[in-house]
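Peer 1: Numbering (my numbering), first residue to last: 19 to 273.
The beta carbon of each residue, even a glycine, is placed where N, CA and C say it ideally should be.
On a predicted model such as this, the values are computed, not experimentally measured, just so you know.
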Amino acid sequence: MRQKLVAGNWKMHGSLQSNQILLAQLRESLDAKLGAQSRLEVLVCVPAPYFAQVQSILNGSSIAWGAQNVSQHKSGAYTGEISASMLQDFGCRHVLIGHSERRGMYGETDFEVAAKFQAAKMAGLIPVLCVGETLQERESGVTESVIARQIDAVLEVSGIDGFWQAVVAYEPVWAIGTGKTASPGQAQAVHAYIRQRLSQHHAGLAEQLRIVYGGSVKADNAAELFAMPDIDGGLVGGASLVSAEFVAICEAACS
Ligand code: PEP
19 MRQKLVAGNW KMHGSLQSNQ ILLAQLRESL DAKLGAQSRL EVLVCVPAPY FAQVQSILNG
79 SSIAWGAQNV SQHKSGAYTG EISASMLQDF GCRHVLIGHS ERRGMYGETD FEVAAKFQAA
139 KMAGLIPVLC VGETLQERES GVTESVIARQ IDAVLEVSGI DGFWQAVVAY EPVWAIGTGK
199 TASPGQAQAV HAYIRQRLSQ HHAGLAEQLR IVYGGSVKAD NAAELFAMPD IDGGLVGGAS
259 LVSAEFVAIC EAACS
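(1) Quick one: measure Cβ to Cβ for V60 and I81, integer angstroms, because I've assumed they're closer than 8 Å.
(2) Go through the stretch 200-251 residue by residue and report every complete run of the alpha helix (DSSP H) that reaches 4 residues or more, in order.
(3) From G78, A271, N87, pick the residue whose C-alpha is nearest to that of W28; which is it?
(4) Could you tell me the alpha carbon to alpha carbon distance between E162 and I229, rounded to whole angstroms?
(5) Around the Cβ of S158, are there at least 16 other Cβ atoms within 10 angstroms (buried) or fewer (exposed)?
(6) Tell me whether the beta-carbon of G252 lies closer than 7 Å to the beta-carbon of P190.
(7) Using DSSP's beta-bridge definition, name the partner residues of Y124.
(8) Taking the alpha-carbon of A171 as reference, which of A207, G122, V185, T127 has the nearest alpha-carbon?
(9) Out of M123, R156, H112, state which residue places its alpha-carbon closest to the alpha-carbon of A137.
(10) Can you determine whether any heavy atom of ligand 1 sits closer than 6 Å to the C-beta of I15, and answer yes or no?
(11) Need the endpoints of the beta strand (DSSP E) that I115 sits in, please.
(12) Compare the Cα-Cα distances from W182 to each of A207, P202, G142, T152 and report the closest residue.
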């Protein structure tokens with residue numbers, strides 16, 4: 019049975035003060051529930067300037083933390099970029115790769131996303147590979163071919179073995195930050211498609227791979243999404259900034 023994962027994506031939100039309050043509330047509500055045998059793993063992906071603060075506050079906690087982006091390069095003249103080994107230096111274990119805001123606003127191509135996925139793997143980080151179609155692509159009936167293209171780009175660079183321990187996040191672009199959520203049936207169909215596509219390469223790996231859903235997950239829709247057989251948790255943006263909402267989403271993943 020796959021362990022559920024609820025990952026918060028703080029995006030470019032937070033401050034020393036608000037992070038302190040939010041993380042303290044999360045620790046208080048979740049730490050006791052997240053033992054070694056827990057059916058749930060919880061992760062927060064935070065802005066880079068706060069790595070040291072988050073590392074310190076989450077020291078001894080079962081809540082993991084991660085980054086929202088990583089360079090595909092090891093080091094060098096890449097002003098403003100952050101390497102995988104720098105993430106490692108702070109005890110970061112996970113990193114979002116190819117979030118739709120990075121693909122859409124910063125022009126990250128499938129090729130760059132695949133290179134970043136590989137850089138994360140090489141450094142021993144757990145990549146959370148984000149894939150998803152735009153509204154126009156869904157309405158044109160090309161959702162599966164878009165997802166296939168995004169997955170295949172990573173397969174080409176990292177091979178199927180790159181997906182061991184990795185996480186895939188299905189995030190329809192039209193549902194991110196819009197308040198529109200894919201219905202459980204819509205999301206399940208794409209999750210099953212992703213699993214089936216990877217199972218053509220390695221059935222055992224596909225069966226244990228965690229595929230989480232992202233796109234306006236809230237306390238009141240999480241349970242029905244997480245009840246779907248191929249939905250292994252959520253990637254949560256806006257609602258991860260409100261401790262009561264995020265905790266309720268985590269509780270929905272345990273029920
Ligand atoms: C996200 O940032 O990955 C996301 C899913 O955002 P939201 O939950 O706000 O739609």
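Peer 2: For this structure:
(1) 5 Å
(2) 202-217, 221-226, 237-244
(3) N87
(4) 15 Å
(5) exposed
(6) no
(7) Looking at the DSSP assignment, Y124 forms no beta bridge with any residue, so it has no partner.
(8) T127
(9) H112
(10) Residue 15 cannot be examined here, being either before or after the span of the chain that is shown, 19 to 273.
(11) 112-115
(12) G142
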